[in-house]
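To keep things clear, I will list the structure first and then write my remarks on it.
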Amino acid sequence: MIRPIRAELRGSSARTIAVLLFVVAGLFTAGMVRTWWHQWLMFGYVEASLMFLVVPLALAGGTTLGRREKRTRAAELMASTGRPLWQRVTPVMSALGVAVAAAHLLLVGVCAALIGATGGWLGAAGFPSVLVDTALLVGAVWAGFALGRRWSSALLPPALAAAALAAQYAASAAHQPTPLVNLSLMVQFQQFPWEGPTAAAELGRLALAAGLIVGGALLASAASWRRHGAAAAALAAGVAGLLLIPPPTDSRRYQIEPSAQALTCAAGIPQVCVTAVHAYALPGIVPQARRALAALAKLPNAPTRAAEFQPPAVGDGSSDQFQGNAPRTDPSTVRFLLQPDWRTGADPHLADDIAFGAGTRWNGCAQDDEAARAAAGAWLLGTDELHVFDGTFDYWASVGHQATAILRTLRKQPEQEQLRRVTALRDAANRCAKELTPILTGQPREAS
Amino acid sequence: MTGWLPLYLRSRRVPPAASASAAAVAAVAAGWAGLAGRAEVHLGLAALTVALAAAPLVPTLAADDADLERTAALRWPPRRALHLVACAAFVAGLLIAARLLGADFGPAGQIVRNAAGMVGLLGLGVAAVGTGYAWQLPFVWAAVQCLWPVPDGPAWRQALLWLVQPADSRTAAIIAGALLLAGTAAYASRVGPRVAPAEATMGQ
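First to last, the sequence lines map onto chains A and B.
Here the numbering used here runs 102 ahead of the position in the first sequence, where the first position is 1.
Here the numbering used here runs 9 ahead of the position in the second sequence, where the first position is 1.
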């Protein structure tokens, strides 16, 4: 069997289809390099979303090869050999499957090597989804091949590709939550780089892959209507699995991968720790974190350790998901959220982030009265401004003028009084108090 | 001309292709009207639908046997150019007519621009690689734009995402116009690489 497969790999357009898929997938992946550079689980998101575009192309590619077999009468020629149909189509389908799977795994391998070589975290968590998507691609080319053999119209490849894409896109635009959104292979962006897909999310895609593989194989290798019916049933079951197995709510598509979220600490003291997915950035952020710890050390009972914030649940995209009314404080540790630059790994505003609110930004409380928190942070760092980002939004842009006024009032006080007021702000913030400006200024907060 | 045109349309299998194109637009329009509950189709889906409507027309851009067709005493370049422009008009007409089904694919000017650019791109593809593979570049480009339907921004981004730009985007209009001109010129002068005679006789 190996020789016929090798002959098909050399003679058919299987290699061309695989190269085309590799090029398109490579361009897509390169275009999203900012998302996955250093981040294996984020690469999993890019790789899974890639299926949105590549599966329709694989369907069309398989159709092109299938209709070519029929159009050139190769199928008739092969029919004269007297072998059963499944034996006649096995070499070309195997060649197609091997070529497409190899192209996809090569792309994943290159990206995994890049992530590993640049110090990024690589764990077993992301690999099952890669294998499922590889099976999905093989299923798509096989189903396309079978359809092309049945209906050899020149309209079929482009129409099939465009229809598959449009159907996915239309489904993704449906009102959530409905199982219809699962028809789109474009997956929702995860909020944190330590989140990986749940088993249910992967099982849905695996069901589709199995449906396409079984349906394609049956349709290509059988002439009876009974087998054709079985092929249609397999395809329908695959689509039903995709629709019904994964949860329709985006936040339930992901789960926290404990090994990716585990803390890794830099050598030396004071201790600075980040999650495993950000371990590559440690050398760049340690000086900033220690600068912030040194600033916080001006206060009594100051934390002696800085550690990256580890959310207890999967992110839902809401900025106040982990900032409510229940303080989660550990006096010895100040928490921070790392937002490293995708290329350098540095977070130029990390010290500001840690000093904001005198180290209380990630204490589980809602961040009310940002002006007072920014003023306290600037006082600790000895600066006139403090830039803290919430995504791309800089707090200072909206509260800067108020914070400057608070800071000016605070600095007019005797040094001991300044220290007492900032300490009082920290303690109040750790009790989830909302009004912090009066603590620093001794006057009620002005309406903003 | 009246006798030639029906023969030409039949030889290029235009009726089934046009029907497939119309059916595709109708399916998207009806699906959108039923699912979304509003007339304005999302920018990304509108871009994809242009590709979806144009894709079935690609096989009509070449005859079964180009060598045989070349022997006819007819001036093919103007006919090919007219064929391509007619495809653009047909796609634009379908998308505008989809309003009757309750789906609004955008202002008429935007639809005409997108149809013209997409068909021009297909013409370029046919001239470069033949009808078998011509749909791939426009399809991928449209898919990328549907993934990032970002209107406005710097000129380079408007040029890259020209299908999803607003109707008054000059950059998108220039790109679409250039694609139509280049595609028409290329397709008028050449219908893809030469096909081996043995394969050509096997028909589509």
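Even for Gly, the Cβ is constructed at its ideal location relative to N, Cα and C.
Report all residues from its chain with a CB closer than 7 Å to the CB of residue i; omit the five preceding and five following residues, and keep chain order.
i: Ala263 (chain A); result: Pro158, Leu159, Leu161 and Ala162
i: Val156 (chain A); result: Leu123, Val126, Ala127 and Leu239
i: Ala82 (chain B); result: none
i: Pro25 (chain B); result: none
i: Gln213 (chain B); result: With a pLDDT of 46 at Gln213 (chain B), under the threshold of 50, the predicted position of this residue should be treated as unreliable, and no value is reported.
i: Gly222 (chain A); result: His140, Gln141, Trp142 and Tyr382
i: Pro349 (chain A); result: Ala302 and Arg355
i: Ala168 (chain B); result: Thr180 and Ile184
i: Leu170 (chain B); result: Gln154, Trp157 and Val159
i: Asp113 (chain B); result: Ala48, Glu49 and Val50
i: Ser254 (chain A); result: Arg169, Lys172 and Arg173
i: Leu207 (chain A); result: Thr236
i: Ala473 (chain A); result: Val501, Gln504, Ala505, Ile508 and Thr539
Tell me which residues share the same chain as residue i and place their Cβ nearer than 6 Å to its Cβ, disregarding the 5 neighbours each side in the sequence.
i: Arg90 (chain A); result: This structure leaves residue 90 (chain A) out entirely; chain A is present only between 103 and 550.
i: Val23 (chain B); result: Thr69
i: Leu188 (chain B); result: Gly126, Gly129 and Leu130
i: Leu52 (chain B); result: Pro158 and Val173
i: Leu483 (chain A); result: Ala397 and Ala457
i: Pro175 (chain B); result: Pro160
i: Glu110 (chain A); result: Pro193, Val194 and Ala197
i: Gly313 (chain A); result: Ala336, Leu337, Ala339 and Gly340
Could you check whether residue j and residue i sit closer than 7 Å to each other, using their CB atoms as the reference points?
i: Gly343 (chain A); j: Gly318 (chain A); result: no
i: Arg475 (chain A); j: Phe458 (chain A); result: yes
i: Leu521 (chain A); j: Ile541 (chain A); result: no
i: Ala124 (chain B); j: Ala101 (chain B); result: yes
i: Ala62 (chain B); j: Ala33 (chain B); result: yes
i: Leu320 (chain A); j: Ala302 (chain A); result: no
i: Ala227 (chain A); j: Glu359 (chain A); result: yes
i: Ser361 (chain A); j: Thr406 (chain A); result: no
i: Cys155 (chain B); j: Ala36 (chain B); result: no
i: Ile508 (chain A); j: Thr543 (chain A); result: yes
i: Ala381 (chain A); j: Val374 (chain A); result: no
i: Ile387 (chain A); j: Leu452 (chain A); result: yes
i: Gly241 (chain A); j: Thr165 (chain A); result: no
i: Arg89 (chain B); j: Ala197 (chain B); result: yes
i: Val234 (chain A); j: Trp296 (chain A); result: no
i: Ala117 (chain B); j: Ile105 (chain B); result: yes
i: Thr377 (chain A); j: Glu410 (chain A); result: yes
i: Leu103 (chain B); j: Ala38 (chain B); result: no
i: Ala505 (chain A); j: Ala531 (chain A); result: no
i: Ala116 (chain A); j: Ala201 (chain A); result: yes
i: Ala191 (chain B); j: Leu133 (chain B); result: yes
i: Val524 (chain A); j: Trp481 (chain A); result: yes
Given that a residue counts as buried once 16 or more other Cβ atoms are within 10 Å of its Cβ, and exposed if not, what is residue i?
i: Phe154 (chain A); result: buried
i: Pro65 (chain B); result: buried
i: Arg251 (chain A); result: buried
i: Phe130 (chain A); result: buried
i: Pro86 (chain B); result: exposed
i: Ala422 (chain A); result: It should be pointed out that residue 422 (chain A) corresponds to Asp in this sequence rather than to Ala. That one is exposed.
i: Met103 (chain A); result: exposed
i: Trp444 (chain A); result: exposed
i: Ser323 (chain A); result: buried
i: Leu77 (chain B); result: exposed
i: His503 (chain A); result: exposed
i: Pro442 (chain A); result: buried
i: Gln145 (chain B); result: buried
Would you verify that the beta carbon of residue i is, or is not, closer than 7 Å to some beta carbon of chain E?
i: Cys96 (chain B); result: Absent from the structure is chain E; the protein chains it does hold are A and B.
Excluding five sequence neighbours on each side, which residues of the same chain lie with their C-beta closer than 8 Å to the C-beta of residue i?
i: Ala214 (chain A); result: Trp142, Phe145 and Leu224
i: Asp496 (chain A); result: His489 and Val490
i: Pro299 (chain A); result: Gly146, Ala150, Ser231, Val289, Arg355, Tyr356 and Gln357
i: Ala256 (chain A); result: Arg169
i: Arg166 (chain B); result: Val159
i: Gly133 (chain A); result: none
When every heavy atom of the ligand ADP is checked, does at least one fall within less than 6 Å of the C-beta of residue i?
i: Ala48 (chain B); result: In the structure on display, the ligand ADP does not appear, and there are no ligands present to speak of.
Query raised in the report: Given a limit of 9 Å on CB to CB distance, which residues of the stretch 125 to 136 of chain A reach chain B?
Result: Val126, Leu129, Phe130 and Gly133
**Report entry** Residues in the stretch 53 to 65 of chain B having any Cβ partner in chain A nearer than 7 Å
**Finding:** Cβ contacts with chain A come from Gly53, Leu54, Leu57, Thr58, Ala60, Leu61, Ala64 and Pro65.
Query raised in the report: Using Cβ-Cβ distances below 7 Å, what residues of the stretch 263 to 287 of chain A are close to chain B?
Result: Ala263, Ala264, Ala265, Leu267, Ala268, Tyr271, Ala272, Ala275 and Ala276
Report task. Determine which residues of the stretch 67 to 78 of chain B have a Cβ less than 7 Å from any Cβ of chain A, and write them out in chain order. Result -> From the stretch 67 to 78 of chain B, only Val67 and Pro68 have a Cβ closer than 7 Å to chain A.
**Report entry** the stretch 423 to 437 of chain A contacting the stretch 464 to 479 of chain A, beta-carbon criterion three pairs below 8 Å
**Finding:** yes
Query raised in the report: Closer than 7 Å, Cβ to any Cβ of chain B: which residues of the stretch 184 to 204 of chain A, in chain order?
Result: none
**Report entry** Short-range partners of chain B found in the stretch 219 to 247 of chain A, where Cβ spacing is below 8 Å
**Finding:** none
Report task. Quick one: which residues of the stretch 39 to 54 of chain B get their C-beta closer than 7 Å to a C-beta of chain A? List them in chain order. Result -> Gly40, Trp41, Leu44, Ala45, His51, Gly53 and Leu54
**Report entry** Under 7 Å (Cβ pairs) to chain A, residues found in the stretch 148 to 167 of chain B
**Finding:** Result list: Phe148, Val149, Ala152 and Cys155.
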